[in-house]
Structures are given as structure tokens and as C-alpha cells.
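Residue numbers (this note's numbering), protein chains in the order written: chain L, 87 to 409; chain E, 1168 to 1546.
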């Protein structure tokens, strides 16, 4: 069994960066000073990931205001909308408002990624992007396009993004798709998701592509997830009962969200290993990617770091056979 | 409690901090704008005590202790609401920084973990429940005593509910006592235990102390109730555990939620006398938000309704006619005007004091107009 571990979402800002960004908003800090501190904090997250053997690295995506903001601020057709609850959490994002069919803005996303900020070389970094279904489902669509057409269009635009980023050396792309399990699509909506991911897979041949789902039970969405043609499909084990998973061939590596960002309580590595074995056996997976079940920025930085440190221990337990 | 008249009015939560309070509490010399603001509102409300007639705290040169500034701010809040004609008032939560941290700091079994980003560069401090919940001392008492001693209208004290305290914390202790994989059902059972322990061990002694100090109307705030609608039964269970055996009028305020998903489980909060909900935010030409009240008819629940008639997220000041129309629509759905209290959707803290005052004045006038229709049906 091939077992890897990686961060699978945004990491929280350090307490120093929290204070600095607050001060920035209050006019008590200079933007250059906050930028310098952001770079230091990104390097700190990248170092932590490397120390824990997590690869590829993310550097935490600390400068991203939320998963959609870089797109809402730079792509044509969008503007930034109201503060909106991020699923069933006490955190929020600013809802993108789409007034007309979206247009990609070349270079806009890349400059926020680890390779551009200096946090990590592109070849060793993971690109986190909103999945087309979640992106389309959470924005305020005033463009006149149907939701299916929008999923399809966002898939094509994100595919263009992948081509550009692959040209810069990035080899790993992960799409955040909580909505695929919170509100699984069916019928034409599901077909639009499949079409979008086909476009994405074709955009960066040879690259690792991952769909990461969280915040709900993935079981009902598995038949669709196995059709997406990605390298890894991630499921949130805090929401998905491993014993309730069906026996099916996923046809992809299995991502297991085995560290729960909704609690500071640290998971037991041996228990993770046992659960992971059961899930892998049921889904016919011999490639496992361990990661946090949802974005770790639901925790403060200190507890998030301690939870992250569970991953290499769980990996070792899984590789070691265990009980 | 006594109902003063048909369609009585009440506030719900905090109002904006006046600049003179923020600057005065920091011990800073007041800016000219802060001094002007103080004079203007004192001229309207006459809230400042005799020892500082017409002057802002600290404006005369000698620094005023922060506690004195907070007293004056509480008086300001009281007179602000009273001058606008509200029947139930509090102090605008003038002394509270927020609704979570201050309460948790009085409890045992919690450890603050650090900041979580709410959105953009906004953060909140979050604690973990790391041991059995306990209480160092009941809270809000000094604040309530001050209100009790100075209020001219009936006071209603807001207290953060047990479910919200638990939901806004990490559940480490009760979850950690369970072995094996912490799946959804395990987490839910642990959360139930956490909520009930916060209610029994911390909230209930606080409510009892408030009642001993004279509180007769207590608003339990449960803003987290809408975050996990499938846990509405836990909200109710926490409410029941916190209020068990206590004699007061308890209301429950929840806003910005998918209310339909909370019922009928929430109705198990048996000692809740009034559901204080937001409606105006979702009311519009194409959507009659007050039809939502039909739910209470469906479930046969006849408790009082705190009817949100002011959208707290917009500066647009609702006219008295709009407020009146909203009240009358609610009456048509409920079929009983006696069940209604009239209030903003939520606290008006995000609006300026001037805008909030205009909105509240129109709310009071709208309630008066609606009242007149029932007193003089031909009006």
C-alpha cells in the first residue's frame, strides 16, 4: 500500500499574523510589514509540512481571504458580495456575485501561489482551487447561465488555469468540493460535473489531480466521484462512516480526511490506521492520501499544528500493519 | 410578566458604542468629535449624572476611570431606548465586549486556544472545553444591578445560551471520554453532554443569581442555533436544563436561520415564553416573510412572538407604515394580536446611533398605529 500525507486545505494564520492583519485594518500597521510577516508565516507552515513529511506542500494559503476571493476580485464578470456562512461552521466567506459569464484573468491566481510568493518551489507545491461544482453552487449567479452551463464553463476556465500553472511547474492540483457531498448533484447537474472534470484532467496530463470533499457523508456521492477521472478522491471520515462505505472499485487513490478540524482533540494514530484500512479495503484503494478532513483554519494555529503532527504518526501506523 | 399594552416594544441586543465611550475607556483625551457627540446625545437624553453636567467623561482634563465611563455608557443605553418609547429595555450591552468570551472566562473547564478567522481579517477567540464545566461566579450581576437601579422601563437581561457557548467552543473533554472513532453519532452524543453541562453547571446558577437580583425577564441568545439545524433538539435541551426550576419569563432569540429546519424540535424548549426571531431581513415585495409564522399554527404552539420588524443590516429606515403593515400581516397569520411583541430583527450595533434611533422611533410609531387599529377598528 502506498501511503502519503498532505495538508488538504487552508492552514490558520499564526497569532502574530492575526494581530498584524488586525492592526492593518485599524491603520496601525504598514502593508509592507504585514507582507513580510505573511511571508515569514508561509515559510513557517511550509517548514512544518516538510518537517512532518507532508508532500506536496501548501504553505497554508495564508494570504487567501477565502477560497473564492482571488477569483471574485480578478476574473471578469465577478464582484465581491456579502459575508456568507461557510457551511455549518462559525466562519464565513464573501459570496462572489457573477453578473455575466465569467472570464479568466491570466496570471491573477498564480501570483498568490507558493511558487510565486517564494514559500515553496512550484514543482513541490500543491495548488488548491475551488472545484467547479462548489464554486458554481456557492456564488450568486446573476449571469443568466444555467447552473449546469456554469459548472461546465468554470471547469473549462479552471482547465485554462491548470494549463498556465502547469507551465509554471506545478504538478499537483486539488479541487475543494464540499458541495459535491453536502448537496450531491444528480441528472444533468451530475453530468456537467463529469464534463468539467474531464476538461480539468485533460488540461494537465501527468499531473496529480485531487477532488477533496468534506462537511458531509461522501457515501451517496461515491458513484459520481468515481467517474471524475482524478488521481485521488478525498472523503471526510468525521462525516462518513467507514463501516457504512459500500464495496466498490473507486478507480482512484483514496484521500482520507482523518484529522477533524472541528475539535482540538488529537486523533489516535492507531485508530486512524484501523479506520483507513477498512475504508481502503471497501473502496479497493491501494494508494492512500491522509489529510485533515476539512480546512484546518477552523482551528487556531497552535492546535492546528498539533493536529497536523498526527498525520505522519498515522501514516507510520498504517504502513506498519498495526493491530 | 405584565403585558403593558397591545404590541409592546422591546430592544433585542447591543447598539453601537458611542465614540466618547471607546475613547474614554482607553483613558485617552477625547477628540473634539467625541466631545461633540457626547454633548449632542446628552442634550437629547440627559443621561449624564449631575457631577458631569453636559461634559464628556475626561473632556474637562481629569481622566475619568474606565468603570465610570462604562456606567455612563450604560445610562446612555438605557435612556436611549427609554426616550424612544420602548417598553422593555436594557443598556445596549454597553459593558460587553462580545457575547462569548466574557461568559466563558467566568466558567471552569475551558482553556482559550487562540484566534479563528471569521472572515477577512476578522477573528474571534475560541476556547476548548478541556474539563468538567463549572462556574467561578455568576456573571452579568453587577451590570444587571446597575440597570435595575436606573431603568425607568421594564428591564430584560440578555444572556448567551448554553448551546451557543458549547457550539462556539471545541468539545475536548466530553468527546475525549469516548473511545474509538469519533464519527458523527459519537460527536453528537458528546456535544449533547457538553451543552447540558454548560446549562446546568454554568448557565443555570447565573440565571438563578440574576433572578435573585431581581431579573424578571431573561432573553437567552442562541445565535448558533441556526448553524446546525439538525441539533435544534440540543438547543431546546440546553434551554430546559438552564431554566429548570427557575421562576422568570424566559425568551429565546435566534436570528438569520432557516427556521423551518429548527421546528418542531425547538418547540421542546418548554419554559420559553417567547420566540424572538428575525423576519424583516427576509421580507420584501415578492416575499411575505411573516407567513413563516404559519409554522406555529401548524404545530399548535401558542407562545408569544418577538416580531422582528426592522432590518438591522440596512440603513434604510423603515417607515411607520411599513412597520404597521408587518405587524398586521403577522396578526393575520397568527390570528391573535395579544401574542406579539415588536422588536428589531437583532441588535442594531452595526447601524449608527442616529440611524438606529430613527428605526426604533418608527418601530414604536408603527406599533402605535397598529394598536390604534385594534382599539379603533375603523381607524
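Glycine included, C-beta positions come from ideal geometry on N, C-alpha and C.
Run the CB neighbour count on residue 409 of chain L, radius 10 Å, all protein chains shown included, and call it buried at 16 or more, exposed below. Here residue 409 of chain L refers to the residue found at position 323 of the first chain. Bear in mind that a pLDDT of 40 at residue 409 of chain L, under 50, signals an unreliable position, so the number given afterwards is only what the model happens to contain. Classification for residue 409 of chain L: exposed.
Taking residue 263 of chain L as the reference, which of L:245, L:273, L:113, L:283 has the closest Cα? What you label residue 263 of chain L is simply residue 177 of the first chain in a count that begins at 1. The shortest C-alpha separation from residue 263 of chain L is found at L:283.
Pull up the CB-CB distance for residue 1547 of chain E and residue 1354 of chain E, whole angstroms please, since I reckon it's below 8 angstroms. Residue numbering for chain E in the displayed model covers 1168 to 1546; residue 1547 of chain E lies beyond these limits and cannot be assessed.
Length of the line joining the Cα atoms of residue 1383 of chain E and residue 1342 of chain E: Within the second chain, numbered from 1, the residue matching residue 1383 of chain E stands at position 216. Within the second chain, numbered from 1, the residue matching residue 1342 of chain E stands at position 175. The straight-line gap from Cα to Cα measures roughly 36 angstroms.
Using a Cβ-Cβ cut-off of 7 angstroms (strictly less than) and excluding sequence neighbours within five positions of residue 173 of chain L, which residues of its own chain qualify? Here residue 173 of chain L refers to the residue found at position 87 when the first chain is read from its first residue. Close CB contacts of residue 173 of chain L within its chain, under the 7 angstroms cut and outside five residues either way in sequence, are with 264, 268, 301 (chain order).
Sorted by chain position, which residues of the same chain lie with C-beta nearer than 8 angstroms to residue 1339 of chain E's C-beta, five sequence neighbours on each side aside? Translated into the one-based positions of the second chain, residue 1339 of chain E becomes position 172. The beta carbon of residue 1339 of chain E sits closer than 8 angstroms to the beta carbons of 1295, 1296, 1297 from its chain, once the five residues preceding and following it are set aside; these are given in chain order.
Expected contact under 8 angstroms - CB spacing of residue 398 of chain L and residue 138 of chain L to nearest Å: Stepping through the first chain from its first residue, residue 398 of chain L is reached at position 312. Stepping through the first chain from its first residue, residue 138 of chain L is reached at position 52. 5 angstroms between Cβ atoms; contact.
CB contact check: residue 355 of chain L to chain B, cutoff 8 angstroms: Judged by its chain identifiers, the structure shown contains no chain B, and its protein chains are L and E.
Where residue 1287 of chain E meets chain L, residues with beta-carbon distance less than 7 angstroms: Residue mapping note: residue 1287 of chain E aligns to position 120 of the second chain, counting from 1. By Cβ distance, chain L contributes 151.
Between residue 379 of chain L and residue 175 of chain L, what straight-line distance do the alpha-carbon atoms span, to the nearest angstrom? Along the first chain, read from residue 1 onward, the residue named residue 379 of chain L stands at position 293. Along the first chain, read from residue 1 onward, the residue named residue 175 of chain L stands at position 89. Rounded to whole angstroms, residue 379 of chain L and residue 175 of chain L show a C-alpha spacing of 14 angstroms.
What residues of chain E sit near residue 363 of chain L, judged by a beta carbon separation below 8 angstroms? For this step, residue 363 of chain L is matched to residue 277 along the first chain. From the beta-carbon of residue 363 of chain L, no residue of chain E is found nearer than 8 angstroms; the closest lies around 12 angstroms away.
Residue from L:253, L:142, L:153 whose Cα sits closest to the Cα of residue 192 of chain L: The residue given as residue 192 of chain L occupies position 106 in the first chain. Ranking the options by Cα distance to residue 192 of chain L, first place goes to L:253.
Hey, is the segment 1202 to 1212 of chain E in contact with the segment 1245 to 1255 of chain E, meaning 3+ C-beta pairs nearer than 8 angstroms? Touching, yes.
Have a look at residue 1494 of chain E and residue 1184 of chain E and give me their C-alpha separation to the nearest angstrom. Sequence index remark: in the second chain, residue 1494 of chain E carries index 327 (1-based). Sequence index remark: in the second chain, residue 1184 of chain E carries index 17 (1-based). Roughly 29 angstroms between the two C-alpha positions.
Stretch-stretch touch, CB-based, cutoff 8 angstroms, three pairs: the segment 186 to 204 of chain L with the segment 146 to 166 of chain L: Result yes; three or more Cβ-Cβ pairs closer than 8 angstroms.
Taking C-beta to C-beta, are residue 401 of chain L and residue 91 of chain L nearer than 8 angstroms? Position 315 of the first chain holds residue 401 of chain L. Position 5 of the first chain holds residue 91 of chain L. Residue 91 of chain L sits close to residue 401 of chain L, with the two beta carbons spaced by under 8 angstroms.
Between residue 1280 of chain E and chain L, is the shortest Cβ-Cβ distance under 8 angstroms, so that the two count as touching? If you number the second chain from 1, residue 1280 of chain E lands on position 113. Answer yes: the Cβ-Cβ gap between residue 1280 of chain E and chain L drops below 8 angstroms somewhere.
What first and last residue would you give for the alpha helix (DSSP H) that runs through residue 1203 of chain E? Here residue 1203 of chain E refers to the residue found at position 36 when the second chain is read from its first residue. Unbroken alpha helix (DSSP H) run through residue 1203 of chain E: 1199 to 1212.
From the DSSP output, in three-state form, read off residue 409 of chain L for me. Position 323 of the first chain, counting from 1, holds the residue named residue 409 of chain L. The predicted model places residue 409 of chain L with a pLDDT of 40, which falls under 50 and marks its position as unreliable, so this point remains unresolved.
Tell me the DSSP bridge mates of residue 1278 of chain E? For the purposes of this step, residue 1278 of chain E is identified with residue 111 of the second chain, where counting begins at 1. According to DSSP, residue 1278 of chain E bridges with E:1295.
Mapping the DSSP letters down to three states, classify residue 1265 of chain E as helix, strand or coil. Start at 1 with the first residue of the second chain, and residue 1265 of chain E comes out as number 98. Here residue 1265 of chain E sits in coil by DSSP.
Within 8 angstroms (strictly less), CB to CB, does residue 1342 of chain E reach chain L? Taking the first residue of the second chain as position 1, residue 1342 of chain E is located at position 175. Using beta-carbon distances, residue 1342 of chain E counts as an interface residue toward chain L, with a partner under 8 angstroms.
Any chance you could list the beta strand (DSSP E) runs of at least 3 consecutive residues sitting entirely within the segment 317 to 350 of chain L, in chain order? Fully enclosed beta strand (DSSP E) runs of 3 or longer: 318 to 322, 339 to 345.
Using a C-beta to C-beta distance shorter than 7 angstroms, which residues of chain E count as neighbours of residue 178 of chain L? In the first chain, the residue the question calls residue 178 of chain L occupies position 92. By Cβ distance, chain E contributes 1285, 1286.
If you follow the beta strand (DSSP E) that residue 393 of chain L is part of, which residue opens it and which one closes it? For the purposes of this step, residue 393 of chain L is identified with residue 307 of the first chain, where counting begins at 1. Where residue 393 of chain L is concerned, there is no enclosing beta strand (DSSP E), although the alpha helix (DSSP H) around it starts and stops at 387 to 394.
Who are the near neighbours of residue 101 of chain L in its chain, counting only those whose CB is closer than 7 angstroms to its CB and skipping five residues on each side? Along the first chain, read from residue 1 onward, the residue named residue 101 of chain L stands at position 15. Excluding positions up to five away in sequence, the list reads 387.
For residue 406 of chain L, count the other beta carbons within 10 Å of its own beta carbon; 16 or more makes it buried, fewer makes it exposed. Which is it? Locating residue 406 of chain L in the first chain gives position 320, where the first residue counts as 1. Within a 10 Å sphere around the beta-carbon of residue 406 of chain L sit fewer than 16 other beta-carbons, which makes this residue exposed.
Looking at the structure shown, is residue 1380 of chain E part of a helix, part of a strand, or coil, going by DSSP? For the purposes of this step, residue 1380 of chain E is identified with residue 213 of the second chain, where counting begins at 1. Here residue 1380 of chain E sits in coil by DSSP.
Counting only runs of 4+ residues fully inside the segment 241 to 312 of chain L, write out the alpha helix (DSSP H) ranges in chain order. Counting only runs of 4 or more residues that sit fully inside the segment 241 to 312 of chain L, the alpha helix (DSSP H) segments are 264 to 268, 274 to 289, 308 to 311, in chain order.
CA-to-CA distance, residue 1335 of chain E to residue 1267 of chain E, given in whole angstroms: For the purposes of this step, residue 1267 of chain E is taken as residue 100 along the second chain, with counting starting at 1. For the purposes of this step, residue 1335 of chain E is taken as residue 168 along the second chain, with counting starting at 1. Cα-Cα distance, rounded: 8 angstroms.
Residues of chain L with a CB under 8 angstroms from the CB of residue 1394 of chain E: which are they? What you label residue 1394 of chain E is simply residue 227 of the second chain in a count that begins at 1. Contact of residue 1394 of chain E with chain L by beta-carbon distance below 8 angstroms involves 171, 174, 175, 176.
Under a CB-based cut-off of 8 angstroms, is residue 1442 of chain E close to chain L? One-based indexing of the second chain puts residue 1442 of chain E at position 275. Residue 1442 of chain E does not count as touching chain L.
Provide the residue(s) that pair with residue 1439 of chain E in DSSP beta bridges, ordered along the chain. Here residue 1439 of chain E is taken as the residue at index 272 of the second chain, counted from 1. Answer by DSSP bridge pairing, in chain order: E:1417.
Would you identify the three-state DSSP class for residue 171 of chain L, choosing helix, strand or coil? As a working note, residue 171 of chain L is residue 85 in the first chain. DSSP places residue 171 of chain L in strand when its eight states are reduced to three.
List the endpoints of the continuous beta strand (DSSP E) containing residue 382 of chain L. As a working note, residue 382 of chain L is residue 296 in the first chain. First-last for residue 382 of chain L: undefined, no H or E at that position.
For residue 266 of chain L, go through chain E and note every residue whose CB falls closer than 8 angstroms to its CB, in chain order. Looking up residue 266 of chain L in the first chain gives position 180. Those within 8 angstroms of residue 266 of chain L in chain E number zero; the least Cβ separation is about 18 angstroms.
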